[in-house]
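The structure appears right after this line, and notes come after that.
Residue numbers (my numbering): 136 to 255.
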């Protein structure tokens, strides 16, 4: 059975109904849980979270350390020049990673092209 609620755009909700005749999102007894679920969904779709999910483990660690350094600069616990030097080192690391990744992708494309031509 489908939910009997009408969505904000005026169309019928197409989600499966619970015993109340409404879906989880429209049932007022689930309002707090539904709001929390929507919030988590929005956070998980954020650019930062999507980028973090694709980031190699060593880069995640560096990202966390840079954010911590930012907080320490803001509170005066870390010299801004030292934080700048740290950020430059991280930028160099990221560039090295990108070059390595691009070289790997290029090598795979060259291999695929050779296979299609019958060279390998």
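Glycine included, C-beta positions come from ideal geometry on N, C-alpha and C.
Check: By a C-beta neighbour count over all protein chains shown, 10 Å radius and 16 as the cutoff for buried, is residue 204 buried or exposed?
Finding: Position 69 of the chain shown, counted from the start, is the residue given in the question as residue 204. Buried, by the Cβ-count rule.
Item checked: Three-way DSSP call (helix, strand, coil) for residue 142 in this model -> Residue numbering aside, residue 142 sits at position 7 when the chain shown is read from its first letter. Coil, per DSSP.
Next item on the list: Determine the burial state of residue 161: buried for a count of at least 16 other Cβ atoms within 10 Å of its Cβ, exposed for fewer.
Entry: In the chain shown, the residue the question calls residue 161 occupies position 26. Flag for residue 161 reads buried.
Check: Using the C-alpha atoms, what's the distance from residue 174 back to residue 167?
Finding: Residue numbering aside, residue 167 sits at position 32 when the chain shown is read from its first letter. Residue numbering aside, residue 174 sits at position 39 when the chain shown is read from its first letter. Those two C-alpha atoms are separated by around 11 Å.
Next item on the list: Compute the distance between the beta-carbons of residue 137 and residue 149, then report whether it is under 8 Å.
Entry: The count along the chain shown starts at 1 and reaches residue 137 at position 2. The count along the chain shown starts at 1 and reaches residue 149 at position 14. Yes; because the gap between Cβ atoms is below 8 Å, this pair is in contact.
Next item on the list: Starting from the C-beta of residue 225, find all residues in its chain whose C-beta is less than 7 Å away, skip the five residues before and the five after it, and write them out in chain order.
Entry: Working through the chain shown from its first residue, we reach residue 225 at position 90. Contacts found: 197 and 201.
Next item on the list: With residue 235 as the anchor, note down where its alpha helix (DSSP H) starts and where it stops.
Entry: On the chain shown, residue 235 is found 100 positions in, with the first residue counted as 1. Taken as a continuous stretch (DSSP letters only), the alpha helix (DSSP H) holding residue 235 covers 215 to 252.
Check: Which class does residue 151 belong to by DSSP, given the choice of helix, strand or coil?
Finding: Here residue 151 refers to the residue found at position 16 of the chain shown. Assigned with DSSP and collapsed to three states, residue 151 falls in strand.
Next item on the list: Below 8 Å on the Cβ atoms is my guess for residue 194 versus residue 232; work out the distance and round it to an integer in Å.
Entry: Residue numbering aside, residue 194 sits at position 59 when the chain shown is read from its first letter. Residue numbering aside, residue 232 sits at position 97 when the chain shown is read from its first letter. About 7 Å separates the two Cβ atoms, so the contact holds.
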